[in-house]
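This report concerns only the one structure given below.
In this note's numbering, the protein residues as written are 14 to 298.
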C-alpha cells in the first residue's frame, strides 16, 4: 500500500504540488491533468527524483526516505522523456538496466527475455534501439520498468507520441499489469485510462480537485452536461462565455457540448451519454 500525506513542492514562487494526499492499493490509478497540473512533479517525488518540500510517503507503513534502496527496488518507472543509448540493442539496454537494479547472474538473461516477450519485442531484441519506432521504444521502456518484479509501477505519459494502434497496444499491456500491481498512470489523454482505471485523480494547478471511480465521477455530473447544434460563430461565443467545450461532427451538423451550471436554455441534457472527458473538462478548466 502506498500512502501519501500532504505532499507539497514549489519551484520559487510556483507551487507545483499543494498538500496532495491519497492512499493507493492494487489496481490502476489514472492521474489526469493538463500540462503543468503537477502530474510529473508528483511522480518524480514518489520515485525520489525530486526532493519534496514537505509531506510523507509511506510504503506499507514505512517512510520511503528511510527505506531508500529497498523502496526503489520495488518500483518500476517509465519516465515521460525517452532516454536511450541508440547504439544499444533492446537486449543490451534491458541487461544494463537490470544490472543497475541489482539483477545478476543467469537470472538477468531470463528476465530480459521474459520482459521483451511480454511487450512483443523478443523477435527484435538484437536490433539497435536507434532504428525502433516510437511505439517500440515505449515498449522497451515499459519492459525495463517491469524488471525485477516491482510491486509499484509508475508511468508518466506512457502513450505520448504513439499512433492509435500503438496506443491501444500500450493500454492493453497496462490493463493487464493492474491485476497484480499498484499502477500510477499520469496522462492528459482521457482515453488512456477511462476503461482501465480503478480510480481517477484529477489535478489542477498542483491541487487534487476530484477523485473517485470513473462510474461515480460520471454519475456526479450527469445533470451538468448539455449540448446544442451551433454555427461556428455561436460556438465561439458560447465557449467565451461558458468555458471550453467539446465539438462533435454529426450527420446533421456540428454539436457543442458544455459542462457546468447555469448553461443556456437552448442546450439540452444528455442523460446516459456522459463520459469521463466531460468530468475532466469540468474540473480541469
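Beta carbons are placed, not taken as given, at the ideal position from N, Cα and C, and that holds for glycine.
Item checked: N-terminal and C-terminal residue of the beta strand (DSSP E) that residue 33 is part of -> 27 to 37
Item checked: Classification of residue 155 by the beta-carbon crowding that lies within 10 angstroms, buried from 16 upward -> buried
Next item on the list: Check the DSSP bridge columns for residue 241 and list the partner residues they point to.
Entry: 269
Check: For residue 303, does the count of other Cβ atoms within 10 angstroms reach 16, so buried, or fall short, so exposed?
Finding: The requested residue 303 is not part of the displayed model; the chain covers only 14 to 298.
Margin query: The beta strand (DSSP E) that contains residue 263, what's its start and end?
Written below: 259 to 263
Margin query: Quick check on this structure: which residue in 180, 222, 218 and 86 has the alpha carbon closest to the alpha carbon of residue 206?
Written below: 180
Check: Using the rule of at least 16 other Cβ atoms within 10 Å of the residue's Cβ for burial, across every protein chain shown, is residue 208 buried or exposed?
Finding: exposed
Note to self: Would residue 201 and residue 46 be called neighbours here (beta carbons separated by less than 8 Å)?
What the structure shows: Going by C-beta atoms, residue 201 is nearer than 8 Å to residue 46.
Checklist line | Within the segment 123 to 191, ranges of the beta strand (DSSP E) (whole runs, at least 3 residues) | finding: 165 to 169
Check: What runs of the beta strand (DSSP E), each 3 residues or longer, lie entirely inside the segment 204 to 256?
Finding: Entirely contained in the segment 204 to 256, the beta strand (DSSP E) runs reaching 3 residues are, in chain order, 212 to 217, 220 to 225 and 238 to 242.
Notebook entry, point to check: At which residues does the alpha helix (DSSP H) containing residue 103 begin and terminate?
Noted result: 103 to 113
Item checked: residue 174 versus residue 148 - alpha carbon distance -> For residue 174 and residue 148, the distance between alpha carbons rounds to 8 Å.
Next item on the list: Using only alpha-carbon positions, find the residue among 178, 102, 214 and 86 that is nearest to residue 33.
Entry: 214
Notebook entry, point to check: Under 8 Å, do residue 216 and residue 51 count as touching if we go by C-beta distance?
Noted result: Judged by their CB atoms, residue 216 and residue 51 are nearer to each other than the 8 Å cut-off.
Item checked: Which residues DSSP lists as bridging residue 20, in chain order -> 33
Note to self: Quick check on the burial criterion: 16 or more other C-beta atoms within 10 angstroms. Buried or exposed for residue 223?
What the structure shows: Under this definition residue 223 is a buried residue.
Next item on the list: Answer with buried or exposed for residue 261, where buried requires no fewer than 16 other C-beta atoms within 10 angstroms of its C-beta.
Entry: exposed
Notebook entry, point to check: Can you give the beta carbon distance from residue 134 to residue 158, rounded, assuming they're within the 8 Å contact cut?
Noted result: That pair is no contact at about 14 Å.
Check: Considering only the beta carbon of each residue, do residue 30 and residue 56 sit closer than 8 Å?
Finding: no
Notebook entry, point to check: Can you check whether the CB of residue 172 is closer than 8 Å to the CB of residue 190?
Noted result: Against a cut-off of 8 Å, the Cβ pair of residue 172 and residue 190 comes out as no contact.
Notebook entry, point to check: Comparing alpha-carbon positions, which option in 150, 288 and 286 lies nearest residue 99?
Noted result: 150
Check: Leaving out five residues before and five after residue 270 in sequence, what residues of the same chain have Cβ atoms less than 8 Å from its Cβ?
Finding: Same-chain partners within the cutoff: 238, 239, 240, 258, 259, 260, 261, 283 and 291.
Note to self: Rounded to the nearest angstrom, what separates residue 146 and residue 277 at their Cα positions?
What the structure shows: 47 Å
Margin query: Rounded to the nearest angstrom, what separates residue 255 and residue 139 at their Cα positions?
Written below: About 54 Å.
Next item on the list: Give the single residue among 59, 228 and 107 whose Cα lies nearest to the Cα of residue 198.
Entry: 59
Check: What first and last residue would you give for the alpha helix (DSSP H) that runs through residue 290?
Finding: 289 to 297
Check: Where residue 242 and residue 178 are concerned, what is the direct C-alpha to C-alpha distance, given to the nearest angstrom?
Finding: 32 Å
Notebook entry, point to check: Candidates 251, 195, 286 and 211: which alpha carbon is nearest residue 231's?
Noted result: For the set 251, 195, 286 and 211, the Cα lying nearest the Cα of residue 231 is the one of 286.
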